[in-house]
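One structure is given below, encoded as C-alpha cells.
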DNA sequence: CTATGTGAAAGACTTCACAGCA
DNA sequence: TGCTGTGAAGTCTTTCACATAG
C-alpha cells in the first residue's frame, strides 16, 4: 500500500499516524489538568513531561494536527484541548453499551472516566435473568434479549464486551449485526468481525505476561553480572545494548507497542 | 543496565523484538487451546489465524525464538507451548499484589486468568481500614500499612495498581521502594519510576477515545462519500485500505502501539 | 510438493537538529 | 532569544518472496 501521502490541504493533513492517535488522549488528559489549574500556556517540553513522552515526539504529533503553537511561547492550553477533543471526536455524544455485568462490567459501569469525555453509558446488558432490573451504577441492567432494540433505539455505535470468553464472539456478532462498528473487548478471545468494524482488546493476562518476560530478564542480568560485552549468546547485539539504557525509561513512560487489559475469564 | 547475557545455548539469540514479545502471549493462548483439544501440530497458517495475525509475522516471530518447526509439516503444539512459556518466564511462580480493592481491584482479584499462568495473587491491599480482613475472591484484604512487609516477605516483584488516580503515584513509590520492579497501572495517571522499573498502563478511557476517533472517521466517510476530504477515507489510504481487510483482524489481535486500560477514577 | 525460516525491501515510528517565526 | 515546526536520518516492524529442509 503506497502511502499516497496525498496533497495535504493546508493544515490538517488527513492521515494522522495511528501511534499519534493513541497518544492524543494522553495529551488531552495532561492538558485538561493544566486547564483546571488555569494554566494559560505550556511549552512542548512541559506538556511532554506531564504526558510522559519526549518533546520531539509531542511536537511531531501536534504537527499532524496543524500548527497550533506559537514559536517562542508554546501552546495555548484551552485551544489545544478543543482541537484535540474535536480531532478525537469527543465533542459529540457517544452512547455506549456494556455487555456482561460481572465484576468487571460493574467496575466499568462505575468508571467515572466515561462521562467525562462524551461517552455515555446507554445501557448495561447481561444474560443472567436474575440481573435484569437490578441497578448498577444507577443504571438498571437489561436482559440480552433487549440488545438489538437498545442498539438501534439509542443509535449506539460503540460496544464494550465484558463477558466470559465463551460468550464474547456471540455477543460481538449480535452487536455488529445490530449496528455497532467499534468494539472494546475485555474477554480473552480473538474476535472475528467484518471489515469496517474496529476492535480493540484489553487483556490483563497479556500485560502480566509481558511484564514477566522483562522481569525474568532482569533476574538473569543480575546473575550474569553486567559484563562489558555480552558473553555467550550470539554476538554483542547492538540492539540489546541500546535497550539496556532506554528500556527502563521508555517502557515506563511511553510504553511499547500493543496494549491490552483485563478480562473476566481464565486465559 | 547490560543486556546481553544469558547462558542460553544453541538457538535463542538474545534480543527478541518488543513487538514480538507482545504477541507471544497471544500465540500461547491459541496453542493452549489447541493443546486442550489434543491437536498435535499446527501450521503457521492455522496458528496465525487462531491468534489473529498473519502467518509471515508469526513465522518471523518464532524465528527469533529458534527453529522450532518442521518444514513441510508445521509446529509441534506441546513443544511450542513449553518454549514460549519458558521464554515468557511463565514456568516460574510470580507472586503479585493488587493495591486498591474497589470495583476494579475486586474484578482483577476474581480474574481467573491469573492463576493459569504462573501468576499468584499474594495479597490484596487497600487503604480503607473497613476493608481490612474482608475476603475478596477468597483472599483477605490487608491494610496499606502492611504493604512493605508483604512485598518483602513474599518476594513480590510485580504489583498491580487499581487505586484512584490520586493515590497511584504514592502507592507506586512505596511498591518500588519495597522492591517491586514491574507495575501494571490501571489508574489514569502517568507514573514516574526509577530506571529499571517497568510500567505498563491500562486505561479504558484512552481505548474508548481511540475508538471514537476511528468511529468519527467512518461517519465522515459516509457523509463525504470520498469527496472533498479524500485523504482519509476515500483515497486508497494505506492504513484505511489495510484496515478494511486486515484491520478488523489486526486491530483485534495485535493492536497498535501504546496500550492502556480501564481505571477507577475519571480522566 | 509442502510449509518453514529468513534475507531483503517496504513501511511506520522516533529522534535529531536546525531553520524560522514571534 | 526561545520554542515551535519539520525535513532528514535512524530505528523498529511488517511484508515479501523464495531457497530449503522434510
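Chains as they are written, first to last, in the numbering used here: chain X, 74 to 340; chain F, 74 to 340.
Yeah, the Cβ is synthetic: ideal placement off N, Cα and C, and Gly gets one too.
Cβ distance (whole Å) where residue i is taken to contact residue j below 8 Å
| i | j | result |
| --- | --- | --- |
| residue 186/X | residue 278/F | 4 Å |
| residue 153/X | residue 141/X | 6 Å |
| residue 171/X | residue 178/X | 5 Å |
| residue 150/X | residue 112/X | 6 Å |
| residue 258/X | residue 176/F | Incorrect: roughly 19 Å between the Cβ atoms, too far for contact. |
| residue 221/X | residue 247/X | 7 Å |
| residue 191/F | residue 166/F | 6 Å |
Proximity below 8 Å, CB of residue i to CB of residue j
| i | j | result |
| --- | --- | --- |
| residue 283/F | residue 106/X | no |
| residue 266/F | residue 275/F | no |
| residue 200/X | residue 214/X | no |
| residue 103/X | residue 129/X | no |
| residue 253/X | residue 231/X | yes |
| residue 225/X | residue 198/X | no |
| residue 120/X | residue 155/X | no |
| residue 229/F | residue 169/F | yes |
| residue 255/X | residue 216/F | no |
| residue 241/F | residue 260/F | yes |
| residue 101/F | residue 157/F | yes |
| residue 132/X | residue 108/X | no |
| residue 233/X | residue 181/X | yes |
| residue 160/X | residue 195/X | no |
| residue 236/F | residue 145/F | no |
| residue 134/X | residue 164/X | no |
First through last residue of the beta strand (DSSP E) which encompasses residue i
| i | result |
| --- | --- |
| residue 255/F | 255-258 |
| residue 231/X | 231-234 |
| residue 168/X | 167-172 |
According to DSSP, residues forming a beta bridge with residue i
| i | result |
| --- | --- |
| residue 148/X | 115/X and 142/X |
| residue 208/F | 213/F |
| residue 132/X | DSSP output for residue 132/X lists no bridge partner at all. |
| residue 218/F | According to DSSP, which records beta bridges pairwise, residue 218/F is partnered with nothing at all. |
| residue 274/F | 258/F |
Residue range of the unbroken alpha helix (DSSP H) whose run includes residue i
| i | result |
| --- | --- |
| residue 194/X | It is not in any alpha helix (DSSP H) - residue 194/X instead sits in the beta strand (DSSP E) that spans 192-199. |
| residue 252/F | Residue 252/F -> no alpha helix (DSSP H), and no H or E assigned at all. |
| residue 178/X | 176-183 |
| residue 187/F | 186-189 |
| residue 94/X | 91-109 |
Near-chain X residues of the stretch 180-193 of chain F - C-beta to any C-beta below 9 Å: 180, 181, 182, 183, 184, 185, 186, 187, 188, 189, 190, 191 and 192
Near-chain F residues of the stretch 247-275 of chain X - C-beta to any C-beta below 9 Å: 254, 255, 256, 257, 258, 259, 261, 262, 263, 264, 265, 266, 267, 268, 269, 270, 271, 272, 273, 274 and 275
Residues from the stretch 104-126 of chain F in contact with chain X, defined by Cβ distance under 8 Å: 105, 123, 124 and 125
Under 7 Å (Cβ pairs) to chain X, residues found in the stretch 283-294 of chain F: 283, 284, 285, 286, 287, 288, 289 and 291
Chain X contacts from the stretch 152-171 of chain F (Cβ-Cβ distance under 8 Å): 160, 161, 162, 163, 165, 167 and 169
Chain F contacts from the stretch 123-150 of chain X (Cβ-Cβ distance under 8 Å): 123, 124 and 125
Residues within the stretch 225-249 of chain F neighbouring chain X, beta-carbon criterion of under 7 Å: 230 and 231
Members of the stretch 91-105 of chain X near chain F, C-beta cut-off 9 Å: 91, 92, 94, 95, 96, 97, 98, 99, 101, 102, 103 and 105
Short-range partners of chain F found in the stretch 197-208 of chain X, where Cβ spacing is below 8 Å: none
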